[in-house]
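As structure tokens, the structure follows; a few thoughts come after it.
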Amino acid sequence: MITNIFIPELNNHDVQELWFQQDSATCHTARATIDLLKDTFGDRLISRFGPVNWPPRSCDLTSLDYFLWGYVKSLVYADKPQTLDHLEDNIRRVIADIRPQMLEKVIENWTSRLDYIRASRGSPMPEIIFKMCCGSLVVKVSDHGRHVMSSSPVRLKPAICQVIYSQFGLEIHQNDHQARRTFVEWAQNEIAVVPDFHKRILFSKEAHFWLNGYVSKQNCRIWSEVDPQVYVETPLHPEKLTVWCTLWAGGIIGPYFFKNDEGHNVTVNGDRYRAMITNFFIPELNNHDVQELWFQQDGATCHTAGATMDLLKDTFGDCLISRFGPVNWPPRSCDLTPLDYFLWNYVKSLLYADKPQTLDHLEDNIRRVIADIRPQMLEKVIENWTSRLDYIRASRGSPMPEIIFKM
């Protein structure tokens, strides 16, 4: 393939300017193969046994893994191909239809991934965690410091599986694709008129951080840092913090920790959410031109009570993206919320390094990690949002492949 397909295809390019990357599969790294690639690329070869070593188990740095194959899979079965020839034709068509602008954004996103991995001291990107289906759990787990894919499903107790499904499994509903397409079309139309529109959206979300290292982000993703073969049941009501932030291209407002009058940590309800908006969020907006900013929230009940919506409309007018708002936020769209696809995962990857033993210590760590996030990283996170719009529009509302929904 290298000799008869790939090298002839390179004739239209200046090979002296190009580098070649491959993973460490045995068929890629046989001596004769490496010699062939070195003859073509010289020192510009990134591979196991190559001049530049490719790190093992780094799918999150391979654009075909974090973008291409997931994108192709989301479209290739739409007409339910019945033969391999039909499937092959679909694969060729989907790949041929990918626009150059999308590829530019995918590669630009690669530099954001370098920033993340450097800041997290080599931790894997959090988007690839595990999928759950049919009572089985297939997990990306830690094996003596190495992240690997479990080769076989892990069978959990039925009761435990049910709890996990009801708490974390995110089932796509019949009308979700249309709602997502409608929102994406609206957002892209706004960007066409105001090119920096996406930089004016204040994205908001809560997350729960448990002292034992567990994080919940309202039915989006699950983290696991232990071998699933050794399943540990957590306490029914472990100590936790409920944290809220707003993220936009201009920075992060927060974190805000939900506490009662006695200073005890509490969860969110409508009254507490409105108190946070009134006493914390709106005062923080005083340094910004609210007329230029939009506010986004998901459809959680505490967010969309009548009194809450009135409060937000008084502040943002028609510049409100929410269930029951002037612009509807599509349900089950964690892949469009930067706090879900970036912030909470990033915070979690650094938060427990010193093994906090108290909630105060945990809170201090959360504040420190968020305060240390560089503006350049946020700009790239928001720029990546436009790539997500492109993907969802092209896939007719399908979820981004990094989020695996319950089957």
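Numbered per full-length UniProt numbering, the sequence shown spans residues 1 to 407.
Where is the CB? At the ideal position from N, CA and C, for every residue including glycine.
Bridge partner(s) assigned by DSSP for residue i
i: E206; result: W244
i: V52; result: I46
i: Q21; result: I46
i: L320; result: F295
i: N212; result: Partner(s): none; N212 has no beta bridge.
i: I201; result: W294
i: V94; result: Looking at the DSSP assignment, V94 forms no beta bridge with any residue, so it has no partner.
i: V327; result: I321
Residue i - containing beta strand (DSSP E), residue span
i: Q101; result: Careful: Q101 lies outside any beta strand (DSSP E), inside the alpha helix (DSSP H) at 100-119.
i: T254; result: What sits at residue 254 in the sequence shown is Gly, not Thr. Segment 251-257, the beta strand (DSSP E) holding G254.
i: W294; result: 294-296
Delimiting residues of the alpha helix (DSSP H) encompassing residue i
i: Q188; result: 176-193
i: F41; result: 31-41
i: D73; result: Asp is not the amino acid found at residue 73; the sequence shown has Lys there. It spans 69-76 - the alpha helix (DSSP H) in which K73 sits, taken as one unbroken run.
i: V290; result: Careful: V290 lies outside any alpha helix (DSSP H) and carries neither H nor E.
i: N269; result: Premise fails: N269 is in no alpha helix (DSSP H) and is neither H nor E.
i: E262; result: Premise fails: E262 is in no alpha helix (DSSP H) and is neither H nor E.
i: K380; result: 375-394
i: C302; result: 301-304
Integer Cβ distance of residue i from residue j, believed to fall under 8 Å
i: D60; j: P124; result: 5 Å
i: S47; j: I34; result: 7 Å
i: W244; j: Y256; result: 5 Å
i: V106; j: S387; result: 7 Å
i: L211; j: P356; result: 7 Å
i: I252; j: I373; result: 7 Å
Residue environment, residue i, which counts as buried when at least 16 other CB atoms sit within 10 Å
i: C319; result: buried
i: T83; result: exposed
i: T358; result: exposed
i: L18; result: exposed
i: N345; result: buried
i: P283; result: exposed
i: Y77; result: exposed
i: P399; result: buried
i: D364; result: exposed
i: I5; result: exposed
i: K80; result: exposed
i: Q297; result: buried
i: V381; result: buried
i: residue 411; result: The structure shown has nothing for residue 411, since the chain only spans 1 to 407.
i: C27; result: exposed
Checklist entry - Residue ranges of each alpha helix (DSSP H) run of no fewer than 4 residues wholly in the segment 342-371, ordered along the chain? => result 344-351, 359-371, all fully within the segment 342-371.
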